[in-house]
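Q: Sequences listed follow chains S and V, in order.
Residues in the first sequence are numbered from 31 upward in steps of one, following the working numbering.
Residues in the second sequence are numbered from 654 upward in steps of one, following the working numbering.
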Amino acid sequence: MRLVRFANSNARSLSPAFGYSSRSPWTGLEDQIDQLFDSALSGFVTGSSRTQFPVDLYEDKENTYVRAELPGISRDDVSVEMIEGYLTITAVRKETAGDGEESVSFSRSISIPEDVHSDKVAAAYQDGVLTVTLPKREEVKPKKINIQVK
Amino acid sequence: MSLFNSLIPSFGRVVAGSANGHSPDTGPSVKPAYEVKETDEAFGLTVYLPGVSKDGLDITAESDQLRIAGRRAWKQPEGWTALYRESPAVPFELVLNHDNAIQLEKIHAELRDGVLRLSIPKSEAIKPRKIAVN
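Given below as structure tokens:
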């Protein structure tokens, strides 16, 4: 059995997230159970939830955009690669903890829905968010095609 | 929860207090990932707040509670269609209850690349002390 950590645990909470002036009887219990799972599982869970980060995919007429939430990464430790229609983002977060250095690595591959100009892909990192801009290829940009009906 | 903490010490990650994420009037919010580390002198709190810059950050320290609120500065530009979203569009909020064994005036905070690091000095009363034996 694998326990999947949801990005938005508020959605399935038994106590409403807003509009509530007194604490629901479930609030304390839920918080404690969340903490229990967090501390118990942080040692066991490898792969998915520890090395994943949320991504958002957007597009406009010219480009496809990928925004990834990667707080605390320095620019040298992040690499963005475009291979065969998949964008792979790899990042390493290094923490100097006293005498030792710990590093956590993140990696995620996202399939890009449109054809892109691989050589013109640009990426910017600000406030912990990496934004990758992928320009669409000419043929894919929406163009009006007039069809004559005979 | 303090019963758990005393039975299984490794669960006592939050030593000075417990974490409760509900404040009644600020609307929907999401709790950010955070870590608390302890040294003899101070507590180190690291909160991951991607997309939050100094203007959107609000830290309130009270005698029983430490509240961190962060607003994401980014607005989706006109013309962008969202194809797939994983990050929630709501502000971050983290509320930590503590038992006032810390020096609130000396809290030092730094926000860089979406990571907020707080250094919270312990009050003298709870710093570990060496006792000399005659």
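Beta carbons are placed, not taken as given, at the ideal position from N, Cα and C, and that holds for glycine.
Predicted, not measured: the structure shown is a model, and the values here were computed from it.
Taking the alpha-carbon of V:E688 as reference, which of V:P730, V:I760, V:R770 has the nearest alpha-carbon?
A: Mapped onto the second sequence, residue 688 of chain V falls at position 35. Closest by alpha carbon: V:R770.
Q: Going by C-alpha distance, which of S:E144, S:E89, S:P143, S:Y155 is nearest S:S109?
A: Working through the first sequence from its first residue, we reach residue 109 of chain S at position 79. The candidate whose alpha carbon is nearest that of S:S109 is S:Y155.
Q: Give the residues of chain V in contact with S:L100, contact being defined as C-beta atoms less than 9 Å apart.
A: Locating residue 100 of chain S in the first sequence gives position 70, counting from the first residue. Neighbours of S:L100 on chain V, chain order: P703, D766, G767.
Q: If the cut is a Cβ gap below 8 Å, which residues of chain V does S:G158 touch?
A: Taking the first residue of the first sequence as 1, we reach residue 158 of chain S at position 128. The contacting residues are Y701, L702, P703, G704, V705, D766, G767, V768.
Q: With the cut-off set at 7 Å, would you say V:D693 and V:P774 are in Cβ contact?
A: Numbered from 1 along the second sequence, position 40 holds the residue referred to as residue 693 of chain V. Numbered from 1 along the second sequence, position 121 holds the residue referred to as residue 774 of chain V. No, they are not a contact pair.
Q: Counting only C-beta atoms, is S:V134 closer than 7 Å to chain V at any point?
A: As a working mapping, residue 134 of chain S is identified with position 104 in the first sequence. No, its Cβ sits nowhere closer than 7 Å to a Cβ of chain V.
Q: Sort out for me which residues DSSP pairs V:H761 with in a bridge.
A: As a working note, residue 761 of chain V is residue 108 in the second sequence. Answer by DSSP bridge pairing, in chain order: V:S772.
Q: For S:G158, name the three-state secondary structure that DSSP assigns.
A: Position 128 of the first sequence, counted from the start, is the residue given in the question as residue 158 of chain S. S:G158: coil per DSSP, three-state reduction.
Q: Give the single residue among V:L702, V:K690, V:F696 whose Cα lies nearest to the Cα of V:A742.
A: Against the second sequence, residue 742 of chain V aligns to sequence position 89. Closest by alpha carbon: V:L702.
Q: Pick helix, strand or coil for S:F67, following the three-state DSSP scheme.
A: Reading the first sequence from its first residue, position 37 is the one you call residue 67 of chain S. Helix, per DSSP.
Q: Give me the Cβ distance between V:S776 and V:G697, rounded to the nearest whole Å; I'm assuming they're in contact under 8 Å.
A: Locating residue 776 of chain V in the second sequence gives position 123, counting from the first residue. Locating residue 697 of chain V in the second sequence gives position 44, counting from the first residue. Incorrect: roughly 16 Å between the Cβ atoms, too far for contact.
Q: When you compare the CB of S:V85 with every CB in chain V, is at least one pair closer than 7 Å?
A: If you number the first sequence from 1, residue 85 of chain S lands on position 55. S:V85 counts as touching chain V.
Q: Using a Cβ-Cβ cutoff of less than 6 Å, which residues in the same chain neighbour V:R724 once the five nearest sequence positions on both sides are dropped?
A: Numbered from its first residue, the second sequence carries residue 724 of chain V at position 71. Excluding positions up to five away in sequence, the list reads G709, P744.
Q: Between S:K150 and the rest of its own chain, which residues show a CB-CB distance below 6 Å, the 5 nearest in sequence each way excluded?
A: The residue labelled residue 150 of chain S in the question sits at position 120 within the first sequence. Counting only Cβ-Cβ distances below 6 Å, and skipping sequence neighbours, we find P165.
Q: Where do the N-terminal and C-terminal ends of the beta strand (DSSP E) with V:L710 fall, by residue?
A: Taking the second sequence and counting its residues from 1, the one referred to as residue 710 of chain V is at position 57. 705-714 is the span of the beta strand (DSSP E), which, as asked, contains V:L710.
Q: Would S:D149 pass as an interface residue toward chain V - the criterion being a Cβ-Cβ separation below 7 Å?
A: Your numbering for residue 149 of chain S matches position 119 in the first sequence. Output row for S:D149: interface = no.
Q: Is the Cβ of S:Y116 closer than 7 Å to any Cβ of chain A?
A: The question asks about chain A, but that chain is absent: this structure's protein chains are S and V.
Q: Suppose the cutoff is 6 Å on Cβ atoms and the five residues either side in sequence are ignored; what does the same chain contact list for S:V122 look like?
A: As a working note, residue 122 of chain S is residue 92 in the first sequence. The answer, listed in chain order, is D107, S133, S135.
Q: Which residues, in order along the segment 704-727 of chain V, keep a beta-carbon less than 8 Å from a beta-carbon of chain S?
A: Those would be G704, V705, S706, A726, W727, in chain order.
Q: Determine, for V:G732, whether the minimum Cβ-Cβ distance to residues of chain S falls below 7 Å.
A: Numbered from its first residue, the second sequence carries residue 732 of chain V at position 79. Closer than 7 Å: yes.
Q: My output table needs one value for S:I177: the three-state DSSP class, helix, strand or coil.
A: Residue mapping note: residue 177 of chain S aligns to position 147 of the first sequence, counting from 1. Three-state DSSP puts S:I177 in coil, outside helix and strand.
Q: Give me the Cα-Cα distance between V:I779 and V:N753, rounded to the nearest whole angstrom.
A: For the purposes of this step, residue 779 of chain V is taken as the residue at position 126 of the second sequence. For the purposes of this step, residue 753 of chain V is taken as the residue at position 100 of the second sequence. Near 10 Å, if we compare the C-alpha coordinates of V:N753 and V:I779.
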